[in-house]
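Q: Numbering (this note's numbering), first residue to last: 4 to 487.
We treat Cβ as the ideally placed atom computed from N, Cα and C, and that holds for glycine.
Below are the C-alpha cells for one structure; questions will follow.
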Amino acid sequence: PTEPGKRRSMAEGGIEALVLGLHEVGAVKFGEFKLKSGIMSPVYFDLRVTVSYPKLLSQISEQLWELCKADKFDVICGVPYTALPFATAMSTGHDLPMVLRRKEAKDYGTKKMVEGVYTQGSNCLIVEDVVTSGMSVLETSASLKEEGLICTHAVVLLDRQQGGPERISDGGVVLKSVLTVSKFIDVLEKAGKVTPDVCQKVRAFVKENQFDPSSKGAPKATAQVAKMSSVAYAKRAETAGNVLAQQLLKIMEAKKSNLSVAADLPTCKEVLALADAVGPHVCVLKTHVDVMSDFTPSFGADLMKLAEKHNFLIFEDRKFADIGNTVSMQYSGGVYRIADWSHITNAHSVPGPGIIDGLAEVGLPKGRGLLMLGEMSSSGTLASGGYTDQTVAMALNRRDFCMGFICTHRLSEDPGMIHMTPGVQLKEGTDNLGQRYLTPDVVIRERESDIIIVGRGVYKAEDPAKAAAEYQQKGWDAYQARLK
4 PTEPGKRRSM AEGGIEALVL GLHEVGAVKF GEFKLKSGIM SPVYFDLRVT VSYPKLLSQI
64 SEQLWELCKA DKFDVICGVP YTALPFATAM STGHDLPMVL RRKEAKDYGT KKMVEGVYTQ
124 GSNCLIVEDV VTSGMSVLET SASLKEEGLI CTHAVVLLDR QQGGPERISD GGVVLKSVLT
184 VSKFIDVLEK AGKVTPDVCQ KVRAFVKENQ FDPSSKGAPK ATAQVAKMSS VAYAKRAETA
244 GNVLAQQLLK IMEAKKSNLS VAADLPTCKE VLALADAVGP HVCVLKTHVD VMSDFTPSFG
304 ADLMKLAEKH NFLIFEDRKF ADIGNTVSMQ YSGGVYRIAD WSHITNAHSV PGPGIIDGLA
364 EVGLPKGRGL LMLGEMSSSG TLASGGYTDQ TVAMALNRRD FCMGFICTHR LSEDPGMIHM
424 TPGVQLKEGT DNLGQRYLTP DVVIRERESD IIIVGRGVYK AEDPAKAAAE YQQKGWDAYQ
484 ARLK
C-alpha cells in the first residue's frame, strides 16, 4: 500500500496540475473585474470555460469526488448553472444518481423545481463551482429541502475565502473545498505565472472583503463598505455599483430632497397635474398605473417629459410576484409597457431569484432599476425575519439591477442600496385599514432609511405643492441631523 506521505504528495501534485490547467485555459483572470455583488475585484474565476475541456472537467470531478466519497449521500445536485457539468461528471464517473434543481419553475409541463428520480428523506450532496457569500448553496439547499430531501454536505471547487463556508455552516450544511483563493495564488506564484504584486493585491482583497454570517448577506463594513447612515448621498453616489442608484443619489443631493410622492390617483390627468405641481420638491414620483381608469399609451411619454423637466425619477409600484418568464412579459408588454417609461419598479422575493433574473432581462438593457420588497408598513405583514434576510441576500447578489429596498428601516450597509420607506406623515398613527404612519424624522434619522414616501399627506392636501415642500424640508432636516 502507498504510504500516507506519498499519498499526500500525489494529491498535492494533482491539485497543482489542476490549478495550472485552469490558468492555461483562461479560467482565472487578473485585472479589475466587477463582481455580481458590485464590488471591484483584482481576480475573476470563469469556470464556465471548463465544459470545453473534457480532461480538465474529469480532473475537477475527481478532485471533488475525493472530498466527498467518505460521506453518506444518495443523490447529488449541482448548483445551477456552472456546477452542473461538475455534478454530471461525478454522476457518470461513479454511478451516482443525480437531480436537477431549476432556478425557477416553468409555467408548463410538470412545473417542478427539482427534476429527476428521488425519494423523500434521501440525502443529497450539493456540488458548487465557486463559493463567495454562500447564498447559492443555501438557496439550493432550501429548494431541495422543500422537496423532502436532506442536505447536510456540499463540495465546492473554489472557496474565495470571503466567509461563505461559515454562512453555509450556519445554514446546517458542511462545506468542503478542493481549492482556496490563497492556495490557487500560491501555486501560480510558485510556477511563475503571476507576479508577487498581483498576488499581494488578491490576498489584500480577500482580507478586506468578507461576508459576515450575521449581516443578512451584506459584506462586512470595510474600506469599500462603510456605515451608510453617516455617509452623504453625494459620497455614496461615487461608490454605488448600480448606475441608476448613482443617478438617484445625485438627484437627491442636487435638489436637497429625499421625498417621494405617491401619486395614488384614479386618472392620468390628475397624476400628471400632481407630478407637475410637486415635481420641484421630489426625487422620485411613485405611481400605481393600474388604478388609472383612463390610461392611454401616451401617459408614459407625458410623465417622462415632466420627470425630465423637474429632474426626478419615475417609480411604478407594480410589486411583481410571479416566476421570471411571466414577470418578463408583464414588465415589457401588456397594456402598460412599464419598462418603457418607468425608471424604477419593485418586486416580491416569494418566487425566488428567478424573478430578479426575469425582470433584469428586460430592464437592464433599458438602464432600469429594481427595488425589492424587504418589509412593508402595514400591520400584520409577513415580510419580516427570515423572509427579509433572504430578500436582502437576493438583492445583493444582483447589484447590477437591484438598487435597493422598500422597507421600514435600513437593511444593508451597501452604498448602492437605497432604502425607501412608505407610510410617512407628519404625525404617527394608523388608518382604519392597518396602514401605520411614521414621521420623516423617525424614518430618516432613527431608522436610517434614505427616502420617505408620502401619499395622502400630499395629494389630499389643499395645496399639494406646499405640502410637498414641507415634507421635503422635514425629510432633509432629518437627514442633516443624521449626518452630524
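Does the separation of the CB atoms of G407 and L441 fall below 8 Å?
A: Against a cut-off of 8 Å, the Cβ pair of L441 and G407 comes out as no contact.
Q: Hey, quick one: how far does the alpha helix (DSSP H) through L247 stretch, first residue to last?
A: Where L247 is concerned, the enclosing alpha helix (DSSP H) stretches over 246-258.
Q: Should S94 be labelled buried (16 or more other beta-carbon atoms within 10 Å of its own) or exposed?
A: Under this definition S94 is a buried residue.
Q: Please report how far the alpha carbon of S335 lies from the alpha carbon of L99, in whole angstroms.
A: Their Cα atoms are separated by approximately 42 Å.
Q: So, helix, strand or coil for V120, using DSSP?
A: Here V120 sits in coil by DSSP.
Q: The alpha helix (DSSP H) with R170 in it runs from where to where?
A: It spans 167-173 - the alpha helix (DSSP H) in which R170 sits, taken as one unbroken run.
Q: Any contact between the stretch 152-160 and the stretch 411-422? By contact I mean 3 or more CB pairs, one from each, below 8 Å.
A: Segments in contact, no.
Q: Name the two residues that bound the continuous beta strand (DSSP E) containing Y47.
A: It spans 43-48 - the beta strand (DSSP E) in which Y47 sits, taken as one unbroken run.
Q: Could you tell me if R104 is buried or exposed, where buried requires 16 or more neighbouring beta carbons within 10 angstroms of its beta carbon?
A: It is buried - the Cβ of R104 has at least 16 other Cβ atoms within 10 Å.
Q: Are the CB atoms of K58 and N126 nearer to each other than 8 Å?
A: No, the Cβ-Cβ distance between K58 and N126 is not below 8 Å.
Q: Under a three-way DSSP split, which group does F408 fall into?
A: Note: F408 maps to strand in three-state DSSP.
Q: By DSSP's criteria, L441 is part of a beta bridge. Which residues make up the other side?
A: The partner list for L441 (beta bridge, DSSP) reads V427.
Q: Helix, strand or coil: which one does DSSP assign to I326?
A: In the structure shown, I326 sits in coil (DSSP, three-state: anything other than H, G, I, E or B).
Q: Spatial neighbours of E192 within its chain, please: CB distance less than 7 Å, with the 5 preceding and 5 following residues excluded, ordered by chain position.
A: So the list reads P199, C202, once near-sequence residues are dropped.
Q: Which residue's Cα is closest to the Cα of A243: V457, L23, K37?
A: Checked all of V457, L23, K37; the closest Cα to A243 is K37.
Q: Tell me whether D173 is buried or exposed, calling it buried when 16 or more other Cβ atoms sit within 10 Å of its Cβ.
A: The residue in question, D173, is exposed, as its Cβ has fewer than 16 Cβ neighbours within 10 Å.
Q: Note the first and the last residue of the continuous alpha helix (DSSP H) segment covering T242.
A: Per DSSP, T242 belongs to the alpha helix (DSSP H) from 236-242.
Q: Are I341 and E319 touching if we call contact CB-CB under 8 Å?
A: A contact, by the Cβ cut-off of 8 Å.
Q: Ignoring anything shorter than 4 residues, give me the alpha helix (DSSP H) runs that lie fully in the stretch 117-158, in order along the chain.
A: If we require 4 residues or more, the alpha helix (DSSP H) runs fully inside the stretch 117-158 come out as 138-149.
Q: Confirm, please, whether the CB-CB distance from V130 to A90 is below 8 Å.
A: Yes, the pair counts as a contact, with Cβ atoms nearer than the cut-off.
Q: Going by DSSP, what residue range makes up the beta strand (DSSP E) through T364?
A: Reading the sequence as shown, one finds Glu at residue 364 and not Thr. No beta strand (DSSP E) holds E364; the alpha helix (DSSP H) holding it covers 357-366.
Q: Mapping the DSSP letters down to three states, classify E69 as helix, strand or coil.
A: Note: E69 maps to helix in three-state DSSP.
Q: Considering only the alpha carbon of each residue, which of G337, K322, C154, W479 lies closest to V353?
A: Among G337, K322, C154, W479, the Cα nearest to that of V353 belongs to K322.
Q: Excluding five sequence neighbours on each side, which residues of the same chain lie with their C-beta closer than 6 Å to the C-beta of Q428?
A: Hits under 6 Å: Y440, G460.
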